[in-house]
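A short worksheet on the structure shown next.
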Amino acid sequence: MSDTALEPVRLVDYRVPAFLIDTVHLDIGLDRTQTRIVATLAIRRNPASEERGPLKLDGDSLLFVEAWLDGVPLQTRDCIALPQSFTLHHVPEGSFTLTIETRLDPSANTQLMGLYRSNSAYCTQCEAEGFRRITYFLDRPDVLSVYTTRIEASFQEAPALLANGNKIEDGVLNHGRHFAVWHDPFPKPSYLFAMVAGDLAVVRDSFVTASGRHVRLEIYVEHGKESRCTYAMDALKRSMRWDEQVFGREYDLDIFMIVAVSDFNMGAMENKGLNVFNDKYVLALPETATDLDYANIEAIIAHEYFHNWTGNRITCRDWFQLCLKEGLTVFRDQEFSSDQRSRPVKRINDVKTLRSQQFSEDGGPLAHPVRPEIYNEINNFYTATVYEKGAEVVRMLKTLIGDEAFGKGMDLYFERHDGEAVTIEDFIACFADASGRDLSQFMLWYRQSGTPEIRAEGVWDESGGTYALTLSQILPATPGQPQKQPMLFPIRLGLVGVKGDLPIRLDGEHFDGLVALTEPQQSFLFSDVGEKPVPSLLRGFSAPVKLAVDLDEEALLTLLRADSDPFNRWQAAQSYALKLLLRLVKDSATPIDPRFVEAISGILARGGDDPAFAALSLALPSEADIAREIGSDVDPQAIYGARTKLRSTLGSHLGAELLRTIEMMSIDGPYSPQARDAGRRSLRNVALELACANGSKAALAVAQAQFDNANNMTDEMAALNTLALSGTAAGEQALQGFRERYGSDPLVVDKWMSVQAMLPHETTLARVKDLMRDSAFSLHNPNRVRALIGAFSANNQTQFNRPNGEGYSFIADIILSIDPKNPQLAARLLVAFKMWRSLEAGRRALAAATLRDIAARPGLSRDVADIVQRSLA
Ligand code: PHE
Ligand code: ZN
Numbered sequence: 001m002s003d004t005a006l007e008p009v010r011l012v013d014y015r016v017p018a019f020l021i022d023t024v025h026l027d028i029g030l031d032r033t034q035t036r037i038v039a040t041l042a043i044r045r046n047p048a049s050e051e052r053g054p055l056k057l058d059g060d061s062l063l064f065v066e067a068w069l070d071g072v073p074l075q076t077r078d079c080i081a082l083p084q085s086f087t088l089h090h091v092p093e094g095s096f097t098l099t100i101e102t103r104l105d106p107s108a109n110t111q112l113m114g115l116y117r118s119n120s121a122y123c124t125q126c127e128a129e130g131f132r133r134i135t136y137f138l139d140r141p142d143v144l145s146v147y148t149t150r151i152e153a154s155f156q157e158a159p160a161l162l163a164n165g166n167k168i169e170d171g172v173l174n175h176g177r178h179f180a181v182w183h184d185p186f187p188k189p190s191y192l193f194a195m196v197a198g199d200l201a202v203v204r205d206s207f208v209t210a211s212g213r214h215v216r217l218e219i220y221v222e223h224g225k226e227s228r229c230t231y232a233m234d235a236l237k238r239s240m241r242w243d244e245q246v247f248g249r250e251y252d253l254d255i256f257m258i259v260a261v262s263d264f265n266m267g268a269m270e271n272k273g274l275n276v277f278n279d280k281y282v283l284a285l286p287e288t289a290t291d292l293d294y295a296n297i298e299a300i301i302a303h304e305y306f307h308n309w310t311g312n313r314i315t316c317r318d319w320f321q322l323c324l325k326e327g328l329t330v331f332r333d334q335e336f337s338s339d340q341r342s343r344p345v346k347r348i349n350d351v352k353t354l355r356s357q358q359f360s361e362d363g364g365p366l367a368h369p370v371r372p373e374i375y376n377e378i379n380n381f382y383t384a385t386v387y388e389k390g391a392e393v394v395r396m397l398k399t400l401i402g403d404e405a406f407g408k409g410m411d412l413y414f415e416r417h418d419g420e421a422v423t424i425e426d427f428i429a430c431f432a433d434a435s436g437r438d439l440s441q442f443m444l445w446y447r448q449s450g451t452p453e454i455r456a457e458g459v460w461d462e463s464g465g466t467y468a469l470t471l472s473q474i475l476p477a478t479p480g481q482p483q484k485q486p487m488l489f490p491i492r493l494g495l496v497g498v499k500g501d502l503p504i505r506l507d508g509e510h511f512d513g514l515v516a517l518t519e520p521q522q523s524f525l526f527s528d529v530g531e532k533p534v535p536s537l538l539r540g541f542s543a544p545v546k547l548a549v550d551l552d553e554e555a556l557l558t559l560l561r562a563d564s565d566p567f568n569r570w571q572a573a574q575s576y577a578l579k580l581l582l583r584l585v586k587d588s589a590t591p592i593d594p595r596f597v598e599a600i601s602g603i604l605a606r607g608g609d610d611p612a613f614a615a616l617s618l619a620l621p622s623e624a625d626i627a628r629e630i631g632s633d634v635d636p637q638a639i640y641g642a643r644t645k646l647r648s649t650l651g652s653h654l655g656a657e658l659l660r661t662i663e664m665m666s667i668d669g670p671y672s673p674q675a676r677d678a679g680r681r682s683l684r685n686v687a688l689e690l691a692c693a694n695g696s697k698a699a700l701a702v703a704q705a706q707f708d709n710a711n712n713m714t715d716e717m718a719a720l721n722t723l724a725l726s727g728t729a730a731g732e733q734a735l736q737g738f739r740e741r742y743g744s745d746p747l748v749v750d751k752w753m754s755v756q757a758m759l760p761h762e763t764t765l766a767r768v769k770d771l772m773r774d775s776a777f778s779l780h781n782p783n784r785v786r787a788l789i790g791a792f793s794a795n796n797q798t799q800f801n802r803p804n805g806e807g808y809s810f811i812a813d814i815i816l817s818i819d820p821k822n823p824q825l826a827a828r829l830l831v832a833f834k835m836w837r838s839l840e841a842g843r844r845a846l847a848a849a850t851l852r853d854i855a856a857r858p859g860l861s862r863d864v865a866d867i868v869q870r871s872l873a
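The opening position of the sequence shown corresponds to residue 1 in UniProt numbering, with each subsequent residue numbered one higher.
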């Protein structure tokens, strides 16, 4: 094993902070290599703490210069300043000020945590523990302080000087320098601190809140990119209005700023009043961004804005409570997007993400509860489980107690805890109080990891007109949790007959569509069931579980045709396809069921009614979906073969209908990112891909024409992808032509890289290696690495899992070369191995050998050591 010693942090060890820091004055003298930080902290002992010892502040790789206690220089015998901590031995009674000067080199900061440079700007990233890379501090979310930040820099280098809060002063200094002072009146934890300085363009707008407060809105980007901010600004204003209307939450400062930077480890960051974004989630023009990019921008702008209340005004007591802000805020952004677009389509997409990202995590060695109880490295817990499953838990809560009680619970939460750092227990107590319900069993959703399985069996009694439904819960063992307690599941359901939902009763009463499963096994007796019903279970995906119910093809077709629940109509199509695909994986000679082809043809025929929904129903389960369903001894090549066969069969049987759909879904006039047009494009492009799946010349000609004439990136990318997949000379030409068209636009070149990295061709690994030598590629920029390397390892099942292990060793080498520079990025790439145990024996052995090889390397970062050790455990 590696020599990186991991010292776990445990929830049970939580203690209130021994000291409080009421105010922070930061004086930042910016310089590329020699930035000077002077922090003045007003400190006192925490009356709620019993500890009486010395004051110990956190640091990370800090260079100490000098310190003062109440203005008097501290001598070396008074304190110890190390790179990773600062200790003051004798602490005065009452309040005192501690001033500490440190020096740092932003240009050498490749971790992108703390103060670093992105292109020509200075920026900071402090969540989770980056503030301690700027100055010594009690760098934990339950220490809330009022910040005043003075930034000084060369005017020429950094005309824009930004920090949290409102600007209270600025001015010109000697030697071409200038300064600005920002004050944030809202006490906040250090992880929400931010500062940005640079030569940036700004796009301005304004917003008047419900109570009449005027707010200035500013988006900062590289010069020349101003026109790409229009959509982000629009999404911001819609988010602000929506949070007022739906959650009653108003913005609270005079200014709200967003900065787009090109070097960023994550999507974006909710620093108070100064959100910092990965530029991928701000910049968009029809010619450079796809419909998916637009949807992501809208969702992430909303997400970070919503954090102002769920995260910032009310924050987390400790990092174990991360889902308190993230799960809740994801839930809020999902609701926002549902209201702005199509609710069923949004729900289906969210469930697809949940299943592909979270179920795979929950089913492998990296499984952890929504609220973990132990961690080695907190950066590794910004996971699909904390975010996506965390959002599902909030959604279930709403389903269980109803919209009204949920709304009251949220109001109570904002009222009761504004300005505090709280726990999941505090959050749930608000809903227990608002609804009068005992939510103690519900709390298990935060504590027990793994994806529960719900088994359903039904018996129809024709003569009595009853249907007895038996539901049972199976809770699989997960790392550290061999045994589990029965959980509480909200199950929305209905019984469907040939003509649609049957009006049924439960225990003689009108049935409102919801049951709660609380026991290991429970039966429900429905009456007034006059015809043989098909159960439509887990409507709207009312709980994040695997549903095991034996529905035959006829039953699935009934749901597909007649279910009133759109989610389950979509699910029926997926389940049907999955059944077929599983058979094909086992035996590639299995004939394709004509009823399925007919059903797909029916979806195409009705495509015009709701194109986005039709597109989702036409898209076959992904290779990863099939792999998850198979569960063990997975052979990615066999899965690919099965899926390819089904696609090309559909292409052959439905060629003419697909071409007609493509024709019908074309749009005249200028591009609009709105859901309506996006839906038409998505149907058109799914149809295009299917039509080309059998190599049809006519269909490929349509793809070529679309590639040549598209007026937007969505259609252009779809055509490029289809042509490249065909493996023809035209595909290679299109790739080359695309690159020539967009050569200097990094976000577009990223797309070009991803398309190639995901090709299921034998030559792809060699191609990826070539692309790494492309002048547009850099191992230092997270977006570039994710676009090429991440796309290959996470989204190319056959080539990452090459049977000779080349894919694994390639990724391992890259991880090891990135790790010393950017451990977070390296650790995230390593997560590609999360399913290694479910592979067939040959690949499994090769993956294990690769992981062991990584684990044995000396000097691994904590981030990588943690993931590799848990993956192997
Ligand atoms: N808190 C950010 C969000 O979800 C994510 C993030 C975490 C960004 C850590 C940077 C660092 O909105
Ligand atoms: Zn968030």
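No residue lacks a Cβ here, since even glycine has one placed at the ideal position from N, Cα and C.
Out of 328, 708, 817, 596, which has the shortest C-alpha to C-alpha gap to residue 423? 328
Simplified DSSP assignment, three categories, for residue 240: helix
Alpha carbon to alpha carbon, how far is residue 377 from residue 385? Give it in angstroms, no decimals. 16 Å
Enclosing alpha helix (DSSP H) for residue 521 [first to last residue]: Premise fails: residue 521 lies in the beta strand (DSSP E), 521-527, not in any alpha helix (DSSP H).
Would you identify the three-state DSSP class for residue 777, choosing helix, strand or coil? coil
Going straight from the alpha carbon of residue 459 to that of residue 525, what length do you get? 10 Å
Are the stretch 858-870 and the stretch 357-377 touching, with three or more C-beta to C-beta distances below 8 Å? yes
Would you mind giving the Cβ-Cβ distance between residue 781 and residue 263, rounded to the nearest angstrom? I have them listed as a contact below 8 Å. 6 Å
With distance defined between alpha-carbon atoms, name the residue in 159, 567, 648 nearest to residue 614. 567
Compare the C-alpha of residue 46 against each of 31, 72, 277, 19 and name the closest. 19
Can you tell me where the beta strand (DSSP E) holding residue 183 begins and where it ends? 177-188
Top-ranked residue by Cα proximity to residue 442, from 136, 403, 394: 394
Residue nearest to residue 840 in terms of C-alpha spacing, selected from 636, 710, 853: 636
Which value, in whole angstroms, describes the spacing of the CA atoms of residue 939 and residue 363? Only positions 1 to 873 of the chain appear in this structure, which leaves residue 939 out of reach.
Can you give the Cα-Cα distance for residue 74 and residue 98, rounded to whole angstroms? 10 Å
Contact criterion: CB-CB distance below 7 Å. Does residue 118 meet it with respect to chain C? Protein chains in the displayed structure number just one, and chain C is not present.
So if DSSP puts residue 315 in a beta bridge, which residue, or which two residues, is it bridged to? 421
What would DSSP say about residue 290, mapped onto helix, strand or coil? coil
What I want to know is whether the C-beta of residue 326 ends up closer than 6 Å to one or more non-hydrogen atoms of the ligand ZN. yes
Beta-carbon contacts of residue 187 that lie in its chain and below 7 Å, excluding the five residues immediately before and after: 144, 145, 146, 419
Could you check whether the Cβ of residue 329 sits closer than 6 Å to any heavy atom belonging to the ligand ZN? yes
Which of the three DSSP states is assigned to residue 787 in this structure? helix
Note down the Cα distance separating residue 743 from residue 399, rounded to an integer number of angstroms. 49 Å
So residue 640 is in the beta strand (DSSP E); what residue range does that whole segment cover? No beta strand (DSSP E) contains residue 640, which is instead part of the alpha helix (DSSP H) from 636-664.
Under DSSP, the alpha helix (DSSP H) around residue 772 begins and ends at which residues? 764-772
Determine which residues share a DSSP beta bridge with residue 481 and list them. 478
Cβ-Cβ distance between residue 908 and residue 299 below 7 Å: Given that the chain is displayed from residue 1 to residue 873, the structure contains no residue 908 and the question cannot be resolved.
Suppose contacts are defined by Cβ-Cβ distances below 7 Å. Is residue 348 in contact with residue 616 by that definition? yes
Can you give the beta carbon distance from residue 705 to residue 699, rounded, assuming they're within the 8 Å contact cut? About 11 Å separates the two Cβ atoms, so there is no contact after all.
7 Å Cβ cutoff met for residue 189 and residue 315: yes
So, at 8 Å on beta carbons, what are the nonlocal neighbours of residue 438 in its own chain, with the 5 sequence-adjacent residues on each side left out? 432
Can you have a look at residue 337 and say buried or exposed, based on whether 16 or more other CB atoms are within 10 angstroms of its CB? buried
Beta-carbon separation of residue 149 and residue 104 under 7 Å? no
Could you check if residue 134 is buried or exposed, using at least 16 other CB atoms within 10 Å of its CB as the buried criterion? buried
DSSP state of residue 229 mapped onto helix, strand, coil: helix
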